[in-house]
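Numbering (my numbering), first residue to last: 238 to 564. C-beta atoms are modelled at their ideal positions from N, C-alpha and C, and glycine is treated no differently.
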Amino acid sequence: MTNAICLNEKYSTTRLAIKEKPIIESKLEDKFETILFLPEGKNRKAEGGLRTKGYFKKSYEDKPLITVITVVYNEFQDIEETIQSVINQTCSNIEYIIIDGGSTDGTLDIIKKYENQIDYFVSEEDDGIYEAMNNGLFLATGIWIAFMNGGDSYYSNDAVKDLMEAALLNSDVVYGQTNYIYSNEYSKIVHTSTFEEKKFSMPFCHQSCMVKTKLHKQNPFNTEYKIGADYCFFFYLHSIKSRFVMTNKVIANFKLDGLSSIITRLHRKERKDILLKHNTTFKFRVELFIWEQNRLFKYIVKKLPFSLYLVKIKYYIIGKMMKRKEH
């Protein structure tokens, strides 16, 4: 690492910069070519970061480069928490890319505030979250890729380090536990499982995992889906026998108020289409139908005024009990 430059010891994204542009090797199996700067798209508002100042990143044998990508749109109140959770990681070789969908609420101002800790950011209109996430894939030069989208999630302190320790176990996908935030008064760590255990739903949160870059570039997100492309991606990787490794460490904190956390008719339809692509047997269709009806029934019951009242009381009581334990 004789050519590495420490721009700022304080941040995970500024400890191992280089002045030489990385050598990009295009592979026939990749769906698209890796690039360092995104070609100008619709109504571009801004572009910046360390790359635009001539600083880049590369992997080292003892410090592999991890690319973290944040996709965001109009999340002024929460984006700073996400950014800080990435740049304050204990891991020393993180490449950070932010794709902003042309925010109009001050989000871009927050991003610019951290332009010396972000490798590359761009703000322009796009055709949805999965096109933006694919744009992030275009720009990634790390060995591993992780998505930590702005507004509804942020990393735990040693999240990337914990994922990297698990990644040593001959893996393609590494995932950990997630702390789900239900309200200001209550959060709960929901432990992950496997695809065999979670037969009809995602066994882990997308924000709590990372994937080998070469595997992800061969399988970008299907932009035909509006809310379930990540679900489709991981289900496909499982179907081709990719190696999934789990850690018991808490990786991400996820706020249950985002688009993907809300059960909608579109969400149910996309999930069903994805599942039936991988299993078309009559038995599976019956099991899926029963599972969906049970899930829908529980969702409807929770939305009844009386149920909402009970849930609020439950969260309030649990929150008070947790605060007492802290004192």
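Simplified DSSP state of Y248, which is helix, strand or coil: Indexing the sequence shown from 1 puts residue 248 at position 11. Coil, per DSSP.
Buried versus exposed, by CB contacts within 10 Å (16 or more), N407: Counting from one through the sequence shown, the residue named residue 407 turns up at place 170. It is exposed - the Cβ of N407 has fewer than 16 other Cβ atoms within 10 Å.
Distance between beta carbons of T307 and I335, contact taken as under 8 Å: Mapped onto the sequence shown, residue 335 falls at position 98. Mapped onto the sequence shown, residue 307 falls at position 70. Confirmed, Cβ separation roughly 5 Å.
Buried versus exposed call for S340 [16 or more other C-beta atoms within 10 Å across all chains shown]: Taking the first residue of the sequence shown as position 1, residue 340 is located at position 103. Buried.
Any alpha helix (DSSP H) of 4 or more consecutive residues that is wholly inside the region 370–420: 396–404
Rounded separation between Y468 and T518 - CA only: Reading the sequence shown from its first residue, position 231 is the one you call residue 468. Reading the sequence shown from its first residue, position 281 is the one you call residue 518. In a straight line, the C-alpha of Y468 is about 20 Å away from that of T518.
Pairwise C-alpha distance: M370 and K454: As a working mapping, residue 454 is identified with position 217 in the sequence shown. As a working mapping, residue 370 is identified with position 133 in the sequence shown. Approximately 11 Å between the Cα atoms of the pair.
Same chain only: Cβ atoms within 8 Å of L405, ignoring 5 sequence neighbours per side: Position 168 of the sequence shown holds residue 405. Taken in chain order, the list of residues that qualify is empty.
Rounded separation between L273 and E434 - CA only: The count along the sequence shown starts at 1 and reaches residue 273 at position 36. The count along the sequence shown starts at 1 and reaches residue 434 at position 197. Using only the alpha carbons, I get a separation of about 40 Å.
Three-state class that DSSP yields for T450 in the structure shown: Within the sequence shown, the letter at position 213 stands for residue 450. In the structure shown, T450 sits in a helix (DSSP, three-state: H, G or I).
Straight-line gap, F471 to Q444 (C-alpha atoms, nearest Å): Numbered from 1 along the sequence shown, position 234 holds the residue referred to as residue 471. Numbered from 1 along the sequence shown, position 207 holds the residue referred to as residue 444. Going from the Cα of F471 to the Cα of Q444 covers about 13 Å.
Simplified DSSP assignment, three categories, for I464: Numbered from its first residue, the sequence shown carries residue 464 at position 227. DSSP places I464 in coil when its eight states are reduced to three.
Distance between G278 and Y367 (C-alpha atoms, nearest Å): Looking up residue 367 in the sequence shown gives position 130. Looking up residue 278 in the sequence shown gives position 41. Between Y367 and G278, the C-alpha separation is close to 15 Å.
Exposure of I303, with buried meaning 16 or more beta-carbon neighbours within 10 Å: Locating residue 303 in the sequence shown gives position 66, counting from the first residue. Answer is buried; the Cβ neighbour count reaches 16.
From T460, N485, T319, N330, residue whose alpha carbon lies closest to that of D399: Along the sequence shown, one-based indexing puts residue 399 at 162. Residue N485 is the option with its Cα nearest to D399.
Residues bridged to M483 [DSSP beta-bridge criterion]: To locate residue 483, count along the sequence shown from 1; it is residue 246. In the DSSP output, where bridge partners are listed per residue, M483 has Y412.
G285 and F358 closer than 8 Å at C-beta: Here residue 285 refers to the residue found at position 48 when the sequence shown is read from its first residue. Here residue 358 refers to the residue found at position 121 when the sequence shown is read from its first residue. It is a contact, given that the beta carbons lie within the stated cut-off.
Beta bridge counterpart(s) of V309 as assigned by DSSP: The residue given as residue 309 occupies position 72 in the sequence shown. D337.
Among S322, G365, I464, P301, the one whose alpha carbon lies nearest that of R508: Taking the first residue of the sequence shown as 1, we reach residue 508 at position 271. Per the Cα distances, I464.
Alpha-carbon spacing of C243 relative to A254, whole angstroms: Taking the first residue of the sequence shown as position 1, residue 243 is located at position 6. Taking the first residue of the sequence shown as position 1, residue 254 is located at position 17. Cα to Cα, the separation comes out at about 6 Å.
Environment of V448 [buried if 16+ CB atoms lie within 10 Å]: Taking the sequence shown and counting its residues from 1, one reaches residue 448 at position 211. Classification for V448: buried.
CA nearest to the CA of C328, picked from D510, Y462, Q414, K247: Residue mapping note: residue 328 aligns to position 91 of the sequence shown, counting from 1. If we check each option's Cα against that of C328, K247 comes out closest.
Closest by C-alpha distance to P440, when choosing among I477, Q354, T460, V410: As a first step, residue 440 must be located in the sequence shown, where it is residue number 203. For P440, the nearest C-alpha among the options comes from V410.
Endpoints, the alpha helix (DSSP H) within which I316 is located: Mapped onto the sequence shown, residue 316 falls at position 79. Its alpha helix (DSSP H) spans residues 316–324.
Per DSSP, the bridge partner or partners of A254: By 1-based counting over the sequence shown, the position of residue 254 is 17. Paired residue(s): I242.
T304 (DSSP reduced to helix, strand or coil): Translated into the one-based positions of the sequence shown, residue 304 becomes position 67. Strand, per DSSP.
I477 to E461 span [Cα, whole Å]: If you number the sequence shown from 1, residue 477 lands on position 240. If you number the sequence shown from 1, residue 461 lands on position 224. So the two alpha carbons sit approximately 21 Å from each other.
C-alpha distance - S430 paired with E352, whole-angstrom precision: Taking the first residue of the sequence shown as position 1, residue 430 is located at position 193. Taking the first residue of the sequence shown as position 1, residue 352 is located at position 115. About 37 Å.
Min CB distance F481 to chain C below 8 Å: Included in the structure is just one protein chain, with no chain C present.
Cβ-Cβ distance between K436 and S360 below 8 Å: On the sequence shown, residue 436 is found 199 positions in, with the first residue counted as 1. On the sequence shown, residue 360 is found 123 positions in, with the first residue counted as 1. For K436 and S360, no; Cβs fall outside 8 Å.
One or two residues paired with E332 in a DSSP bridge: Position 95 of the sequence shown, counted from the start, is the residue given in the question as residue 332. Partner(s): T304.
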